[in-house]
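Below: the structure, in structure tokens.
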Amino acid sequence: ADAIEAAEVVKAAASCYGPFYIRLSRPKTPIVYPKSYHFTLDKAMTMRQGTDATIIAAGIMVAKALEAADILAKQDIDCRVINMHTLKPLDEATIVEAASETGAIVVAEEHLAQGGLGSRVAQTVTRKKPVPMEFVNLGDRYASSGRAEELLQRYGLTAGDIEESVKSVVKNK
């Protein structure tokens, strides 16, 4: 989600035996964690509480999700925001709790539609607590090269895109 989390993830990787995959983004991202933050490998971080819908995000999309939640709050839509920083092990308990308590989920990720966070969350929700879902991702196409903010805009990975997906999923509750 930010540089503070990245440093914590590297420490966690160094303390684990065996292979460890870390995916970092190129652009600078807003700081969303305090310096006192401590990373826990198998536990997602609830960044903001909410009752109307949950936005589950990873990486640079966490800041976009928080921005979207701020915009939606002004429209009386109360969003929970979860940083799902780890895909394996996946914190299924946090996903099920969010589905149960908010009744709608939007997954926001800088990734293809298949095989990433959205797929993992959808599998969990389908098996354990079906609720309406929407996905903000690259779809079924690889991104071209360019400046980070321009690419996020081009591929529909902005706070505004998350906002629209939340409005859509809340209507389907």
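Heads up, the sequence shown is in my numbering, so the first residue is -5 and it goes up one at a time.
Even for Gly, the Cβ is constructed at its ideal location relative to N, Cα and C.
Please read these numbers as outputs of a predicted model, since none were measured by experiment.
> Mapping DSSP to helix, strand and coil, what is Val209?
Replying inline: In the structure as shown, the chain begins at -5 and stops at 167. Residue 209 is therefore absent and cannot be evaluated.
>> If you reduce the DSSP assignment to three classes, tell me which class Thr40 lands in.
In response: Three-state result, Thr40: strand.
>> Let me check understanding here. Comparing Cα to Cα, which of Thr96, Tyr149 and Ile25 lies closest to Val75?
In response: Of the listed residues, the one whose Cα sits closest to Val75 is Thr96.
>> Just verifying my parser: in three-state terms, what is the DSSP assignment at Met78?
In response: Met78: coil per DSSP, three-state reduction.
> Assuming Glu103 contacts Met55 under a Cβ cut-off of 8 Å, what Cβ separation, rounded to an integer in Å, is found between them?
Replying inline: Confirmed, Cβ separation roughly 6 Å.
> Would you say Leu18 and Met41 are within 8 Å of each other, going by their C-beta atoms?
Replying inline: For Leu18 and Met41, no; Cβs fall outside 8 Å.
> If we ignore side chains and look at the alpha-carbon of each, how far apart do Arg135 and Gly112 end up?
Replying inline: Straight-line spacing of the CA atoms in Arg135 and Gly112 works out to 15 Å.
> Of the residues Ile16, Lys82 and Tyr27, which one's Cα is nearest the Cα of Ile(-2)?
Replying inline: Ranked by how close their Cα comes to the Cα of Ile(-2), the residues Ile16, Lys82 and Tyr27 have Tyr27 in first place.
>> My assumption, with CB atoms under 8 Å, is that Asp85 sits in contact with Ala38. Please give the rounded CB distance.
In response: The C-beta distance from Asp85 to Ala38 rounds to 4 Å, short enough to fall under 8 Å.
> Are at least three pairs of beta-carbons, each pair with one atom in the stretch 63 to 70 and one in the stretch 113 to 131, less than 8 Å apart?
Replying inline: Too few Cβ pairs lie closer than 8 Å, so no.
> Which of the three DSSP states, helix, strand or coil, is assigned to Ala(-5)?
Replying inline: Reduced to three states, the DSSP call for Ala(-5) is coil.
> Can you tell me whether His32 is buried or exposed, with buried defined as 16 or more other CB within 10 angstroms of its CB?
Replying inline: Residue burial is scored here from C-beta neighbours: His32 has fewer than 16 other C-beta atoms within 10 angstroms and is therefore classed as exposed.
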